[in-house]
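First the structure, in the form of structure tokens, and then the observations on it.
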Amino acid sequence: MPRINRQRNKIRLLFELSMASILLVFTPALHAQNAVDGAALLLQNARLIVGDGTVLEGASILVNGDTITAVASADEITIPENVSIVDLTGKTIIPALIDAHAHLGYAGRFNWGAENYTRENLIDNLQRYAYFGFAAVFSAGSDPDELALEIQTAQRSGEITGARFLFAAGMAPPAQGPNNQFLVHALRLAEVTGMTILRGLEDPQQARAAVREVAAKGIPFIKLWVDDRNGTQQKLEPALYRAVIAAAMANEIPVFVHQQYAEDMPELLDAGVQGFLHGRLGSAFGADIALAVKQANAFVVPNLGLAELRREAIGEDPFLRQVIPPPVAERLSTSSGQRQLHPPLDPARERELRESFAHLIAAEVDILLGTDAGAIPGHPFGYTGHRELEIFVRLGMTPMQALIAATSKPAQRLGLEDLGLLKVGFSADLVILDANPLDDIRNTRSIYQVYLRGKLVDREAFISNLAN
Ligand SMILES: [Zn+2]
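So for the sequence shown, the numbering used here puts the first residue at 8; every next one is plus one.
Structure representation (structure tokens):
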């Protein structure tokens, strides 16, 4: 250790060291270069909720460029020279959150509809997610292919900031799928842009061809709709979803499903579906289904806030109100005549939800945070994710379990190998909180700072730009 005498703190080096951090600490040339770039950052003396169920008190994270290069207790870390040191005593760091079910593009700042789906609005949606502490969002089957692929490419090159954008190719019977209001807009957008959004499935052979076309385009996920929308749409037949899933497996494309009824879940599992984008919790969702989901190694997005929050005056919640224009806040307030500050929960329904949620937890099913934000007007991005965490805890999760459902689990299931954990080698995507969410899950609202890919998200600029 030739440079040991240059270290300010001659302390034990017990922390995990990646190659990058070894170079950072011991190689003066590289060290100097990082300092010039302003790339090295030490977040010191915080409580770290790692994302895998563990907590480190009084810990520090070293960030080099966009990557976490060391994680250690304060008395174990060697402070390299020329790094920016941020003291975070009293604060808590969590991995940035992930929303595993949303629909981007249609919700603009003022209203909702196909006319909003532009490149600019999609970027605005991603920056809104970043503002709320999200590292990534999965848009479930409602995006114009070419535009979505272009956004992904631009994001990988660093041209576009915000939460990472993931999307799926949507498949359903011809001109069916999303809720009836959404469907009109998705079909209109496809017509206006000339791009494919929904792929209509007619017979197994054509369904397999559709999957091959998706694979050739490089779209990494497929979303299926298996729902009759209460008798208003044609429901996708098992022969068709089996054809899609088999072809998708052959192309290593995961298939996630929107399903209306818990009764459809066993056959979908048998066909090889990898995840349910709606839990459909309730009396029909028993211990047997939870066990079947676990045995098939599929995941469940309970997606509970969509039904609940549309009755609530969320426009009067300061956490949301600060990022929406006054007329939008009005529409989401008690003054609309449609919403209440504290809408009462139906006790029987609540009991059913708790029971089926308990089945999921007992069976150790992977539960993922997902909101369906953007699928209807007035179900806003980012904010709804924090509210879903509250519902998870209300129904029986510990705050730690809820945070895992919002970080490492969705990262694993969405192939985001460098997200969801505060560990060496992971992307430096994290949220610094003023208060500990393990004490009260609502403390995920107490956002002090958000870092994505090692860069501080300018949350104040996002708010001040809202007026434009
Ligand atoms: Zn959806």
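We treat Cβ as the ideally placed atom computed from N, Cα and C, and that holds for glycine.
As assigned by DSSP and simplified to three states, the class of G112: Within the sequence shown, residue 112 is the residue found at index 105, counting from 1. In this structure, DSSP gives G112 a state outside helix and strand, which the three-state scheme calls coil.
Neighbourhood of T391 by C-beta, 7 Å cutoff - its chain only, sequence neighbours within 5 removed: Counting from one through the sequence shown, the residue named residue 391 turns up at place 384. If we look at T391 and ignore the five residues flanking it on each side, its Cβ neighbours are G312, L316, T378 and A380.
Rounded C-alpha distance that separates A114 from P333: Position 107 of the sequence shown, counted from the first residue, corresponds to residue 114. Position 326 of the sequence shown, counted from the first residue, corresponds to residue 333. Between A114 and P333, the C-alpha separation is close to 16 Å.
D447 CB to nearest heavy atom of ligand 1 below 7 Å: Locating residue 447 in the sequence shown gives position 440, counting from the first residue. Shortest gap from the CB of D447 to any heavy atom of ligand 1: 7 Å or more.
Cβ-based neighbour list, F433, same chain, cut-off 6 Å, excluding 5 preceding and 5 following: Indexing the sequence shown from 1 puts residue 433 at position 426. Contacts found: I75 and D425.
Contact test: A193 Cβ vs ligand 1 heavy atom, cutoff 7 Å: Within the sequence shown, numbered from 1, the residue matching residue 193 stands at position 186. Incorrect: A193 has no Cβ contact closer than 7 Å to ligand 1.
Same chain, Cβ closer than 7 Å to Q456, five either side skipped, listed in chain order: For the purposes of this step, residue 456 is identified with residue 449 of the sequence shown, where counting begins at 1. If we look at Q456 and ignore the five residues flanking it on each side, its Cβ neighbours are I439 and L463.
At least 3 beta-carbon pairs within less than 8 Å: the stretch 173-180 vs the stretch 225-242: A contact is defined here as three or more CB-CB pairs under 8 Å, and the stretch 173-180 meets this definition with respect to the stretch 225-242.
Counterpart residues of R206 in DSSP-defined beta bridges: By 1-based counting over the sequence shown, the position of residue 206 is 199. Under the DSSP definition of a beta bridge, R206 partners with M178.
Where H393 falls, given that 16 or more other Cβ within 10 Å makes a residue buried: Residue numbering aside, residue 393 sits at position 386 when the sequence shown is read from its first letter. Around the beta-carbon of H393, 16 or more other beta-carbon atoms lie within 10 Å, marking it buried.
heavy atom of ligand 1 below 7 Å from D379 C-beta: Your numbering for residue 379 matches position 372 in the sequence shown. Yes, Cβ of D379 sits closer than 7 Å to a heavy atom of ligand 1.
Helix, strand or coil at R13 according to DSSP, with G and I counted as helix: Taking the sequence shown and counting its residues from 1, the one referred to as residue 13 is at position 6. In this predicted model, R13 has a pLDDT of only 34, less than 50, meaning its place in the structure is not dependable enough to derive any value.
One or two residues paired with F117 in a DSSP bridge: For this step, residue 117 is matched to residue 110 along the sequence shown. DSSP output for F117 lists no bridge partner at all.
Coil, strand or helix - S340 by DSSP: Walking along the sequence shown from the start, residue 340 turns up at place 333. It is coil, neither helix nor strand.
Heavy atom of ligand 1 within 7 Å of H265 beta-carbon: As a first step, residue 265 must be located in the sequence shown, where it is residue number 258. Yes - ligand 1 has a heavy atom lying nearer than 7 Å to the Cβ of H265.
L396 and T341 closer than 8 Å at C-beta: As a position in the sequence shown, residue 396 is number 389, starting the count at 1. As a position in the sequence shown, residue 341 is number 334, starting the count at 1. In terms of Cβ geometry, L396 and T341 do not form a close pair [threshold 8 Å].
Candidates H349, D441, S343 and I470, of which the one nearest L95 by Cα: Here residue 95 refers to the residue found at position 88 of the sequence shown. For the residues H349, D441, S343 and I470, the minimum Cα distance to L95 belongs to D441.
Per DSSP, the bridge partner or partners of F263: Indexing the sequence shown from 1 puts residue 263 at position 256. According to DSSP, residue pairing for F263 in a beta bridge involves K230 and G282.
Alpha-carbon to alpha-carbon, V199 and V221: Counting from one through the sequence shown, the residue named residue 221 turns up at place 214. Counting from one through the sequence shown, the residue named residue 199 turns up at place 192. In this structure, the CA atom of V221 is about 21 Å from the CA atom of V199.
Proximity of A429 and I100 at Cβ, strictly below 8 Å: Counted from its first residue, the sequence shown places residue 429 at position 422. Counted from its first residue, the sequence shown places residue 100 at position 93. According to the sequence displayed, residue 429 carries Leu and not Ala. With contacts defined by Cβ atoms closer than 8 Å, L429 and I100 form a contacting pair.
Meets three-Cβ-pair contact criterion under 8 Å: the stretch 464-471 and the stretch 130-143: Contact between the stretch 464-471 and the stretch 130-143 is present, because at least three Cβ pairs lie under 8 Å.
Three-state secondary structure (DSSP) of A320: Here residue 320 corresponds to residue number 313 of the sequence shown, with the count starting at 1. The answer is coil: DSSP assigns A320 none of H, G, I, E or B.
Any non-hydrogen atom of ligand 1 within 7 Å of L154 CB: In the sequence shown, the residue the question calls residue 154 occupies position 147. Distances between the C-beta of L154 and the heavy atoms of ligand 1 are all 7 Å or more.
heavy atom of ligand 1 below 7 Å from H108 C-beta: Walking along the sequence shown from the start, residue 108 turns up at place 101. The answer is yes for H108.
Simplified DSSP assignment, three categories, for D465: Stepping through the sequence shown from its first residue, residue 465 is reached at position 458. Annotated three-state conformation of D465 is coil, per DSSP.
Contact under 8 Å by Cβ, G403 with A365: Residue numbering aside, residue 403 sits at position 396 when the sequence shown is read from its first letter. Residue numbering aside, residue 365 sits at position 358 when the sequence shown is read from its first letter. Their beta carbons are under 8 Å apart, which means G403 touches A365 by this criterion.
CB of A170 within 8 Å of CB of A147, strictly: Indexing the sequence shown from 1 puts residue 170 at position 163. Indexing the sequence shown from 1 puts residue 147 at position 140. Result no, Cβ atoms of A170 and A147 do not sit closer than 8 Å.
Sequence-distant residues of the same chain with beta carbon closer than 8 Å to A39, five excluded per side: To locate residue 39, count along the sequence shown from 1; it is residue 32. Bear in mind that a pLDDT of 32 at A39, under 50, signals an unreliable position, so the number given afterwards is only what the model happens to contain. If we look at A39 and ignore the five residues flanking it on each side, its Cβ neighbours are N89.
Continuous beta strand (DSSP E) stretch holding L311: start and end: Taking the first residue of the sequence shown as position 1, residue 311 is located at position 304. L311 -> no beta strand (DSSP E), and no H or E assigned at all.
Per-residue burial, V335 [other beta carbons within 10 Å of its own, 16 or more giving buried]: Here residue 335 is taken as the residue at index 328 of the sequence shown, counted from 1. Looking at its Cβ environment, which holds 16 or more other Cβ atoms inside 10 Å, V335 is buried.
Alpha helix (DSSP H) segment containing N187, residue limits: Counting from one through the sequence shown, the residue named residue 187 turns up at place 180. Element bounds for N187: N187 to T200.
Residue from F306, T239, D353 and L421 with nearest C-alpha to G289: In the sequence shown, the residue the question calls residue 289 occupies position 282. Sorting F306, T239, D353 and L421 by C-alpha distance to the C-alpha of G289 places D353 at the top.
Proximity test, Cβ basis, 8 Å: L247 and chain C: Considering every chain present, this structure includes no chain C. It has just one protein chain.
Q51 versus A66 - alpha carbon distance: Reading the sequence shown from its first residue, position 44 is the one you call residue 51. Reading the sequence shown from its first residue, position 59 is the one you call residue 66. Those two C-alpha atoms are separated by around 6 Å.
Near ligand 1: I284 beta-carbon under 7 Å from a heavy atom: For the purposes of this step, residue 284 is identified with residue 277 of the sequence shown, where counting begins at 1. The question names Ile, but residue 284 is Leu in the sequence shown. Under cutoff, so the answer is yes.
Any non-hydrogen atom of ligand 1 within 7 Å of A382 CB: In the sequence shown, counting from the first residue as 1, residue 382 sits at position 375. At a cut-off of 7 Å, the beta-carbon of A382 counts as near ligand 1: some heavy atom of the ligand is closer than that.
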